[in-house]
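Residue 18 in full-length UniProt numbering sits at position 18 of the sequence shown, with consecutive numbering throughout. Structure first, then comments.
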Amino acid sequence: EQQQQQQQQQQQLADESFHRMSAHSMQGQKGRRAREKELEKQIASGNFAVVDTMAQGVLVAPDTSTWNPHRHGHQEPKQKEIKIGALTYNSASGESQMVYQPSKTQKRKHQINSLAFTAAERELELMERRGQSMKTKAQTQAKYGW
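Put into structure tokens, the structure is as follows:
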């Protein structure tokens, strides 16, 4: 019976200190140290029920690592096929033919079709980077736990 009374008193003290600490939590960072001191006093006096009460007040935060696209290492995006046609002369057949990839010579001599191909590649790369940097609303909310 005496143990029950002591436990009830400890629980009552723990509840009171928890409510005081909750009131301090409204003050934000400033009240954090006060809550810590109050908790230390309660534990030093032998009131370990405060710790149990504090554990009840802990909220489970969502796992913020789920939104992270770089979690499994950097993955190269799949290259989309860029097709910019250019007429080139084929000396073997003596005819002009449509080519979609610039040759080494065309690249080396900076011919217009190779420059257009390079510009299209860069534009595609920029669009992909921009798309990756823009997160969806759900990803942003998951990051901040809203």
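Note that CB positions come from ideal geometry on N, CA and C, so glycine has one too.
Problem set entry | Reduced DSSP secondary structure (H/G/I, E/B, other) of Asn90 | Within the sequence shown, residue 90 is the residue found at index 90, counting from 1. If DSSP states are grouped into helix, strand and coil, Asn90 belongs with the strands.
Exercise. Of all the options Arg35, Gly31, Gly46 and Leu39, which has the alpha carbon lying nearest to the alpha carbon of Gln9?
Worked result: Walking along the sequence shown from the start, residue 9 turns up at place 9. Cα-wise, what sits closest to Gln9 is Gly46.
Exercise. Who are Met98's beta bridge partners in DSSP?
Worked result: Counting from one through the sequence shown, the residue named residue 98 turns up at place 98. Paired residue(s): Leu87.
For this session: Write down the C-beta distance between Ala86 and Val99 rounded to the nearest angstrom, noting that I regard them as a contact closer than 8 Å.
Result: Translated into positions along the sequence shown, residue 86 becomes position 86. Translated into positions along the sequence shown, residue 99 becomes position 99. At roughly 6 Å, the Cβ-Cβ gap stays under 8 Å, so Ala86 and Val99 are in contact.
For this session: Could you tell me the boundaries of the alpha helix (DSSP H) in which Ile112 lies?
Result: Position 112 of the sequence shown, counted from the start, is the residue given in the question as residue 112. Ile112 to Ser133 is the span of the alpha helix (DSSP H), which, as asked, contains Ile112.
Problem set entry | Backbone secondary structure at Thr136 - three-state DSSP | Start at 1 with the first residue of the sequence shown, and residue 136 comes out as number 136. Coil at Thr136, not helix or strand.
Exercise. Could you check where the alpha helix (DSSP H) with Lys107 kicks off and where it finishes?
Worked result: Position 107 of the sequence shown, counting from 1, holds the residue named residue 107. Segment Lys104 to Arg108, the alpha helix (DSSP H) holding Lys107.
For this session: Using three-state DSSP, classify Glu81 as helix, strand or coil.
Result: Numbered from 1 along the sequence shown, position 81 holds the residue referred to as residue 81. Glu81 falls in the coil class under three-state DSSP.
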